[in-house]
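Residue numbering for the sequence shown follows full-length UniProt numbering, beginning at 1 and increasing consecutively. Positions of the beta carbon are idealized from the N, C-alpha and C atoms, including for glycine. Treat the numbers as computed from the prediction; the structure is a model and nothing was measured.
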Amino acid sequence: MASLMIQETQCVGSSHGWLIFLDEISNPFLFNPFSRTKIHLPEKHTLPIIPQVEIIPGLVSNNSNPTIDKVVLCGNPSLDKNNYAVVVMYSSCTGQTKIAFCMHGDTAWTNLDGELETYYDVVCHDGTKTMYALGPGPTVEVWDLSERTAPKKKVLEGSCPGKLGQVSHVEYPSDLYTSRWYLALSPSGGQPHEIFLAVRYVGEFVRYDGEVVYEGDTLTDYMSEPLVCPYKTVAFDVFKLESGSKEWIDVECLGDFAMLLGGNHSTVIPTKESTKFERSSIYFTDDYWDRMDEDYCYGGHDNGVYNMEDGKIEPLVDNQQDRIVPPPFWIVN
């Protein structure tokens, strides 16, 4: 029954032990792989959008159809089925990523009208129904979702880390690399949690020997087909937002913690009592949606473990495949 339930669907996230799928007409729903429970969410057409009509002589096209990019939970339906929120990141008609939310029982998504022009990641703190949204700057918006009709917001705008600007332009130029930004909260343990920014650097075209090349370099005079040079993660940088000074500081070691990044709810987990995760490491899965299906030779493959202390990347599993469909997601209760 469960296998039939998720046929003809696409997974767009995982959070609190739940997977988030889009059905055959792109409407989202929650699915718990352990209890086999399915929860319907408001339909996609209820997302707040501003239709953009492009008029071409002889043709009128309405480019208002949003695309859902990521979904996270604020609260766990398995623990309290009547008290949780769902936050969605979606691409608007302008190409920018916006955020909206719904509470249990809602039939439509509620817009979160933030100040940022686009958003990169969202995470939630369950105990306080607080949602953190990451945008350019880097800037973090903090939303109180306990007020469902009028969510309150404040902005945490830290100074841009000098290393971030230098690394982005010098070590990882945009004509060879792309970067993805993630927001994560440390386990609170009764204390105020820390806010982390993780920056993932992905080589657009990477040879078998690890060299990042231009797309034109994949073409040769003596081969009828271009070389297969899939995208590949090459490094990470991590920063922490200082609560007092509001500055992003460089983090060289996570200590007895690890990060789980990808299409999932970005997570920091303790490793001291775990034999499955290495300390001060970033476990990542492929979430490069724009290029995942461009070639039959690869896609869903960019998974691994980055050690922050020595900068090395190891494969996530032995005999890692070149193409994995669908891509893997972390499931953390």
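Collapsed DSSP secondary structure at residue i in the structure displayed
i      : result
His265 : coil
Val170 : helix
Asp322 : coil
Asp126 : helix
Lys44  : helix
Glu141 : strand
Asn62  : The predicted position of Asn62 is uncertain, since its pLDDT is 41 and thus under 50; no value can be drawn from it.
Asp250 : strand
Glu215 : helix
Leu79  : coil
Leu164 : helix
Gln96  : coil
Pro315 : strand
Arg291 : coil
Glu157 : strand
Lys240 : strand
Ala150 : coil
Reference residue i; option with closest CA among the options
i      : options                           : result
Ser14  : Ile68, Ile49 and Leu73            : Leu73
Ile20  : Leu185, Gln96, Thr139 and Val88   : Val88
Tyr172 : Tyr201, Thr271 and Val155         : Tyr201
Lys44  : Lys38, Thr37, Asp23 and Arg36     : Asp23
Val140 : Val268, Thr118, Pro151 and Ala150 : Thr118
His104 : Thr46, Asp80, Asp121 and Phe277   : Asp80
Val71  : Gly137, Met259, Asn82 and Ser266  : Ser266
Gly135 : Lys153, Tyr288 and Glu115         : Glu115
Cβ-based burial, residue i [other Cβ within 10 Å; buried from 16]
i      : result
Leu112 : buried
Tyr132 : buried
Assumed close pair residue i, residue j - CB separation to whole angstroms, cut-off 8 Å
i      : j      : result
Phe239 : Trp248 : 4 Å
Asn32  : Ser92  : Wrong, their Cβ atoms sit about 30 Å apart, outside the cutoff.
Gly311 : Thr285 : Actually they do not touch by this definition, with Cβ atoms about 20 Å apart.
Asp144 : Lys163 : So it is not a contact: roughly 32 Å between Cβ atoms.
Arg323 : Tyr298 : 5 Å
Ile313 : Thr233 : 7 Å
Pro151 : Asp250 : That pair is no contact at about 32 Å.
Whether residue i touches residue j by CB criterion (8 Å)
i      : j      : result
Tyr177 : Val212 : yes
Pro66  : Thr107 : no
Ile282 : Phe329 : no
Ile269 : Gly17  : no
Asp158 : Leu254 : The sequence shown places Gly at residue 158, not Asp. Not closer than 8 Å, so no.
Gly300 : Pro326 : yes
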